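Take 1 as the starting number for the sequence shown in this note's numbering and just add one per residue. Virtual Cβ for every residue (Gly too), placed ideally from N, Cα, C. Since the model is a prediction, treat every value here as computed from it, not as a measurement.
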Amino acid sequence: MQKQPDIDLAFDQQHIWHPYTSTVAPLPCYPVTEANGVYLTLENGTQLIDGMSSWWSAIHGYNNPQLTAAAKTQLDKMSHVMFGGITHQPAIDLCKKLVAITPSGLDTVFLADSGSVAVEVALKIALQYWHAKGEPRAKFLTLSHGYHGDTFAAMSVTDPDNSMHSIYKGFLPQHIFADSPQCGFWDQWDENDIDDFSNKLAHNHQHIAAVILEPIVQGAGGMRLYHPTYLRRVRELCDHYGVLLIADEIAVGFGRTGKLFACEHAEISPDILCVGKALTGGYMTLSAVITQKNIADTVCSGEAGCFMHGPTFMGNPLACAVANANLELLEQNKWQQQVAAIENQLANELPHIATLEKVKQVRWLGAIGIIELHQPVDMVAIQQAFVNEGVWIRPFGRLVYIMPPYIITASQLSSLTQAIYQVLNI
Ligand SMILES: *Cc1c(COP(=O)(O)O)cnc(C)c1O
């Protein structure tokens, strides 16, 4: 048998951009050849326990037999066919399921290609909605420390400091940012926490098309877990002023926080919901925007006569088939016990890490564990240290965090938390 050629890391370094990585001084990349269950296999044979679920997405682990079978079956039928003037069972099955499992009132689905595009679509729906009503509105209200993606409109509602708004001055529309919630998920609710949001909405509501936020967990903008009452108050205030509410559950949808959707912690329904990341169980890119029928109908009653968006790969059958298999796995409800067990174990094991000098605070919710440090990490050194410990954990800034696949066992999860303790205890 011929030996497989080595992965060409020199080419990678010289010619390929990686996410948020310099081409001048690229950080080392670890060549992965296979992924199974909770393990990533490196080219040299090393197996790493995955703590990241490939950025919230691989919730059932890698190479899951049902998901792989669904992809193969669909591949033999058709991989893709245009969605304009054509429909197919994988998309219908998926949209039926999404309407059934998402918070009540959400019943019209737009399938898109990625999380950022889902956010673009949600914002455009809100703009077209107000345009069709004959009161055009061009502002969005959002939260500091939020993250909604890397495309232009998504960036414009993302925390200005984290997304370097200053560089894109002149291209990015100016939206309104309210103070991020200070009351943590497990804290006692403090009614003053909503004041800034409430004031900004009161003063600007005639111009605001929608509020957009990440429910309960602010992810890439700082891994902050906030109080459900904050979200409940946002819903009440949006109702009071007649402003649409967009919930971006791209990171946390499909069980990550212990509820199928994070909005359920506050028992609210948004007017528009964005999902992505875990929608296909981490197999391929697909996102969805789900809204109320009356909002969709209002959009389409306007001057344009339709919603002005239609990606080439809209409703990709292959992605829909895998998403269907993913939702079938979730319907078996094992995720609830799995996520509850992970949350319990994080509650037991993270406080020990909090005793380390470098650590400012630990926090957790569902299958998310966060260690906030006093100082930013040295990425090259810490990445190698984690790999040496046999785990895949990718920190950013002052945050070391894990969101493992739900199928992780107790001993594998302990390996992750022990590795964090070892690596931070120097
Ligand atoms: C990742 C993420 C996005 C963007 O999704 P992409 O698929 O990376 O474009 C948007 N919103 C939130 C909350 C996310 O976590």
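Distance between M164 and A367, taken at the CA atoms: about 30 Å. For the 8 Å CB-CB criterion, S180 and H205 do not form a contact.
With a contact defined as Cβ atoms closer than 8 Å, V377 and G258 miss out at about 27 Å. L350 and E343 have their C-alpha atoms some 10 Å from each other. Annotation for A210: the continuous beta strand (DSSP E) segment containing it runs 208-213.
Sixteen is the threshold: since fewer than 16 other Cβ atoms of the shown chains lie within 10 Å of the Cβ of T355, the residue is exposed. The C-alpha of T312 is placed about 15 Å away from the C-alpha of H88. With a cut-off of 8 Å on Cβ pairs, the stretch 215-228 is in contact with the stretch 143-163, counting three or more such pairs. For the 8 Å CB-CB criterion, A419 and F396 do not form a contact.
In the three-state reduction of the DSSP assignment, E120 falls in the helix class. In this structure, H148 has its CB closer than 7 Å to one or more heavy atoms of ligand 1. Membership of L67 in the alpha helix (DSSP H) is indicated by the continuous run 65-77.
Contact between Q128 and F307 is confirmed by a C-beta separation of about 6 Å, below the 8 Å threshold. Counting along the chain, V387 sits inside the alpha helix (DSSP H) bounded by residues 379-388. C-alpha of E267 to C-alpha of V24: approximately 48 Å in a straight line. With contacts defined as CB atoms closer than 8 Å, G276 and A70 fail to qualify as a contacting pair. As the crow flies, the alpha-carbon of P103 is around 37 Å from that of T21. Contact between E120 and T151 holds, since their C-beta atoms are separated by about 6 Å, short of 8 Å.
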